[in-house]
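Asker: One structure follows; several queries about it will come next.
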Amino acid sequence: MKSLRIIVRRLGGPEVLETLVEEAPEPGPGEVRVRVLAAGVSFAELLMREGIHPEKTTLPFTPGWDIVGVVDKTEGGTSQATVGQMVAALPIHGGYAQYICLPESELTPVPADLDPAEAVSLVLNYVTAYQMMRRVAHTSSGQRVLIHGAAGGVGTALLELGRLVGLEMYGTASLATHQIVSDLGATPIDYQKTDFVEEIHRLTGEGVDFVFDGVGEANVWRSFQALRSSGRVIAYGFTSFLQEGQLAGGLRYRLRGILRPAWYALRAFLSPGRRRILPYSIQYLKRWKPAWFREDLSALLDLLRDKKIKPMVAERIPLSEARRAHELLGQGSVRGKLVLICGSLAS
14 MKSLRIIVRR LGGPEVLETL VEEAPEPGPG EVRVRVLAAG VSFAELLMRE GIHPEKTTLP
74 FTPGWDIVGV VDKTEGGTSQ ATVGQMVAAL PIHGGYAQYI CLPESELTPV PADLDPAEAV
134 SLVLNYVTAY QMMRRVAHTS SGQRVLIHGA AGGVGTALLE LGRLVGLEMY GTASLATHQI
194 VSDLGATPID YQKTDFVEEI HRLTGEGVDF VFDGVGEANV WRSFQALRSS GRVIAYGFTS
254 FLQEGQLAGG LRYRLRGILR PAWYALRAFL SPGRRRILPY SIQYLKRWKP AWFREDLSAL
314 LDLLRDKKIK PMVAERIPLS EARRAHELLG QGSVRGKLVL ICGSLAS
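Okay, so the sequence shown: first residue is 14 according to my numbering, each after it adds one.
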């Protein structure tokens, strides 16, 4: 049986994404084969393609952090998975494919009546938002939060989940997306024309309890200045590497993405008061506490099934057009989650 897979043989821009047709993989011991229905497209994959993501990648590799699919084949008679069952996973590599073999322990059941494109939006973006709010910040009703990139994939997830908690929310976004931010219950701040630190203090008087910062670099320290006396910055991303629609390349950017947040966190620790900068990484937390990931994703799938959340799917793009998906995301104008739709090839 033939299968389509996207492969990266050299680092670079969207042009390095190649389409490969090969025999579908066979599951090994403890694995199941999943027929991928939807694979998410994330900023992390653009950084990995360029070789500047802290998660080390060895060439050649297939991108794809998050997938939703159907169990297609199991290995031996000991598997608890059922052929035909819809499942979700965060493989980090390999998701841009029509078939992928994964350890059974990596799979989380997905209710059968859910839209795969909406479900895959939860696996990376919403789990990231949920864990930052619940596992790291421990937010509670009435607290004030500032969300950077509020109209993006993780930003809209934070807004939806924050509204459920009862947070007082502020979100930086371009003027064109302010309505999205407002509709999700937050006060929009035009980061292009307004100093968000000054605006937060003008609006709140004393600052916010938490800032969720996926921008990185110097923005993390400015976020620190928007905190109230006991506030926290949760730093989780590097969108500052996007410059005029292009990703800055080079090893120095990968090292900077690791070292600068660590320096700012130390600087915050040594500053007067109780304000702090805390890092968050979904893959590191998943490796440390795998049960948390499955528990949190299951809780989010329940919220989706119960129609308490509605992920914003920006566009559904055929797997064969993965290069176009990366170009769109790299332009910085995508609102919500880009999803690759994977179909089967003839045998």
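The C-beta atom is built at its ideal place from N, Cα and C for all residues, glycine as well.
Report yes if the C-beta distance between F223 and T152 is below 9 Å; otherwise report no.
Answerer: Within the sequence shown, residue 223 is the residue found at index 210, counting from 1. Within the sequence shown, residue 152 is the residue found at index 139, counting from 1. Against a cut-off of 9 Å, the Cβ pair of T152 and F223 comes out as a contact.
Asker: Taking the runs of the alpha helix (DSSP H) that are 4 residues or longer, which of them lie wholly in the stretch 180-248?
Answerer: 191-196, 209-217 and 232-237
Asker: In the DSSP assignment, what residue or residues form a beta bridge with G435?
Answerer: Absent from the structure is residue 435, since the part of the chain shown begins at 14 and ends at 360.
Asker: At which residues does the beta strand (DSSP E) containing V140 begin and terminate?
Answerer: Your numbering for residue 140 matches position 127 in the sequence shown. That residue, V140, is in no beta strand (DSSP E); its alpha helix (DSSP H) goes V140 to Q144.
Asker: Pull up the DSSP beta-bridge partners for S154, would you.
Answerer: Locating residue 154 in the sequence shown gives position 141, counting from the first residue. None, per the DSSP bridge assignment.
Asker: Could you check if K320 is buried or exposed, using at least 16 other CB atoms within 10 Å of its CB as the buried criterion?
Answerer: Looking up residue 320 in the sequence shown gives position 307. That one is exposed.
Asker: Take E44 as the anchor and find which of S294, V194, V246 and Y112 has the nearest alpha-carbon.
Answerer: By one-based count along the sequence shown, residue 44 stands at place 31. Among S294, V194, V246 and Y112, the Cα nearest to that of E44 belongs to Y112.
Asker: Is V133 near A57, with beta carbons less than 9 Å apart?
Answerer: Here residue 133 corresponds to residue number 120 of the sequence shown, with the count starting at 1. Here residue 57 corresponds to residue number 44 of the sequence shown, with the count starting at 1. Contact flag unset, no.
Asker: Are T121 and A102 touching if we call contact CB-CB under 9 Å?
Answerer: Sequence index remark: in the sequence shown, residue 121 carries index 108 (1-based). Sequence index remark: in the sequence shown, residue 102 carries index 89 (1-based). Cβ atoms of T121 and A102: closer than 9 Å.
Asker: Cα-Cα, which of A186, Y249 and A338 is closest to Y297?
Answerer: For the purposes of this step, residue 297 is identified with residue 284 of the sequence shown, where counting begins at 1. For Y297, the nearest C-alpha among the options comes from Y249.
Asker: According to the neighbour-count rule (16 or more other Cβ atoms, all chains shown, within 10 Å of its Cβ), is R23 buried or exposed?
Answerer: Here residue 23 refers to the residue found at position 10 of the sequence shown. Counting Cβ neighbours within 10 Å, R23 comes out exposed, since fewer than 16 surround it.
Asker: Leaving out the 5 sequence neighbours to the left and right, which residues in its chain are closer than 7 Å to T32 when beta-carbon positions are compared?
Answerer: To locate residue 32, count along the sequence shown from 1; it is residue 19. If we look at T32 and ignore the five residues flanking it on each side, its Cβ neighbours are L17, I19 and S333.
Asker: Short check: CB of L50 to CB of I354, under 9 Å?
Answerer: One-based indexing of the sequence shown puts residue 50 at position 37. One-based indexing of the sequence shown puts residue 354 at position 341. Contact: yes.
Asker: Name the DSSP beta bridge partners of V326, please?
Answerer: Residue 326 sits at position 313 when you count from the first residue of the sequence shown. Secondary-structure assignment with DSSP links V326 through a beta bridge to K350.
Asker: Evaluate K423 with the Cβ neighbour count: other Cβ atoms within 10 Å of its Cβ, from every protein chain shown; 16 or more gives buried, anything less gives exposed.
Answerer: Here the chain comprises residues numbered 14 to 360, so residue 423 is not present and cannot be evaluated.
Asker: Let me confirm a value: P324 is counted as buried when at least 16 other C-beta atoms fall within 10 Å, else exposed. Which label applies?
Answerer: Counted from its first residue, the sequence shown places residue 324 at position 311. P324 comes out buried.
Asker: Following the continuous beta strand (DSSP E) through S16, name the residue where it begins and the one where it ends.
Answerer: In the sequence shown, the residue the question calls residue 16 occupies position 3. Counting along the chain, the beta strand (DSSP E) containing S16 begins and ends at K15 to V21.
Asker: State whether the stretch 206-217 contacts the stretch 171-179, with contact taken as three or more CB pairs (one from each stretch) at a distance under 8 Å.
Answerer: no
Asker: Out of curiosity, what's the CA-to-CA distance linking L197 and N138?
Answerer: Counting from 1 along the sequence shown, the entry for residue 197 is found at position 184. Counting from 1 along the sequence shown, the entry for residue 138 is found at position 125. Taking the straight line from one Cα to the other gives about 16 Å.
Asker: Taking the DSSP output, what are the residues bridged to I290?
Answerer: Within the sequence shown, numbered from 1, the residue matching residue 290 stands at position 277. Its beta-bridge partners are V246.
Asker: Hey, does L298 have any beta-carbon neighbour from chain D nearer than 9 Å?
Answerer: No chain D is present in this structure, which holds just one protein chain.
Asker: Would you call the stretch 150-164 and the stretch 232-241 touching, i.e. three or more CB-CB distances under 8 Å?
Answerer: yes
Asker: Strictly by DSSP, which residues pair up with P331?
Answerer: Within the sequence shown, the letter at position 318 stands for residue 331. DSSP, once it has assigned bridges, lists I354 as partnering P331.
Asker: Determine whether the beta carbon atoms of P116 and G82 lie at a separation below 9 Å.
Answerer: For this step, residue 116 is matched to residue 103 along the sequence shown. For this step, residue 82 is matched to residue 69 along the sequence shown. No, the Cβ-Cβ distance between P116 and G82 is not below 9 Å.
Asker: With C-beta atoms as the reference, is L316 less than 9 Å away from V123?
Answerer: To locate residue 316, count along the sequence shown from 1; it is residue 303. To locate residue 123, count along the sequence shown from 1; it is residue 110. No; because the gap between Cβ atoms is not below 9 Å, this pair is not in contact.
Asker: Spatial neighbours of Y143 within its chain, please: C-beta separation below 8 Å, excluding the five flanking residues on both sides.
Answerer: The residue given as residue 143 occupies position 130 in the sequence shown. Cβ within range, chain order: A170, L174, D309, A312 and L313.
Asker: Taking C-alpha atoms, which residue in G227, L342, R318 and R336 lies nearest to A327?
Answerer: As a first step, residue 327 must be located in the sequence shown, where it is residue number 314. Ranked by how close their Cα comes to the Cα of A327, the residues G227, L342, R318 and R336 have L342 in first place.
Asker: Whole angstroms is fine: what's the gap from W305's alpha carbon to L291's?
Answerer: Translated into positions along the sequence shown, residue 305 becomes position 292. Translated into positions along the sequence shown, residue 291 becomes position 278. So the two alpha carbons sit approximately 19 Å from each other.
Asker: Just curious, the alpha helix (DSSP H) that Y297 is in, first and last residue?
Answerer: Walking along the sequence shown from the start, residue 297 turns up at place 284. Looking at the DSSP string, the run of the alpha helix (DSSP H) that includes Y297 is I295 to W301.
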